[in-house]
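Per this note's numbering, residue 74 is the first one in the sequence shown, and the count goes up by one each step. Take a look at the structure below.
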Amino acid sequence: MSERKLPKFIMCFCTGECPGFAKLELWKFINFVRNELDVEYAIVHPQLCVDDGDRFLKDHLREGETDTIYIIGGCDPRMQKKMFKNAFAEKGLDVDKQLISLDLRNMPTEEAMKKVQEAVERALKEQKT
């Protein structure tokens, strides 16, 4: 029986100045995700959609780790998929199967926590099938 792989969570906080994240208490949120949910880790990146964010993602993703689910909280899921598909492809990963994109803009902290919790539960459930 193979070992259960926990999903990995990345929060893109859009420089911390985006009005869409004004209601989100970042440190309360990220500590909930990393301490209370079944994730490998939870990290914050200030802006994945710029050059250093792209370099970070390409460096961070592991080649051939096709059984890992990445949950990324941030902006519009369609935008995330468009931005991250090349980084996933370069590592031999399938963005459609391995990325769960969550739009967490304009949510109070507790609502964002619930949305991530549901995504983690979904990722773990899908892993069993």
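No residue lacks a Cβ here, since even glycine has one placed at the ideal position from N, Cα and C.
- Under the Cβ criterion (8 Å, minimum of three pairs), the stretch 156-167 does not count as touching the stretch 86-99.
- DSSP places Lys-81 within a strand segment (E or B) once states are collapsed to three.
- The continuous stretches of alpha helix (DSSP H) do not include Ala-95, and DSSP gives it neither H nor E.
- By the Cβ criterion, the stretch 77-94 is in contact with the stretch 118-125, since at least three pairs of Cβ atoms, one from each stretch, lie closer than 8 Å.
- Your pair Val-193 and Pro-80 checks out as a contact, with CB atoms roughly 6 Å apart and the cut at 8 Å.
- By alpha-carbon distance to Lys-78, the top candidate from Gln-171, Phe-105, Arg-128 and Ile-103 is Gln-171.
- Within 10 angstroms of the beta-carbon of Ala-196 lie 16 or more other beta-carbons, which makes it buried.
- For Asp-169, the uninterrupted alpha helix (DSSP H) run begins and ends at 168-171, by DSSP.
- Val-117: member of the beta strand (DSSP E) spanning 114-118, first to last residue.
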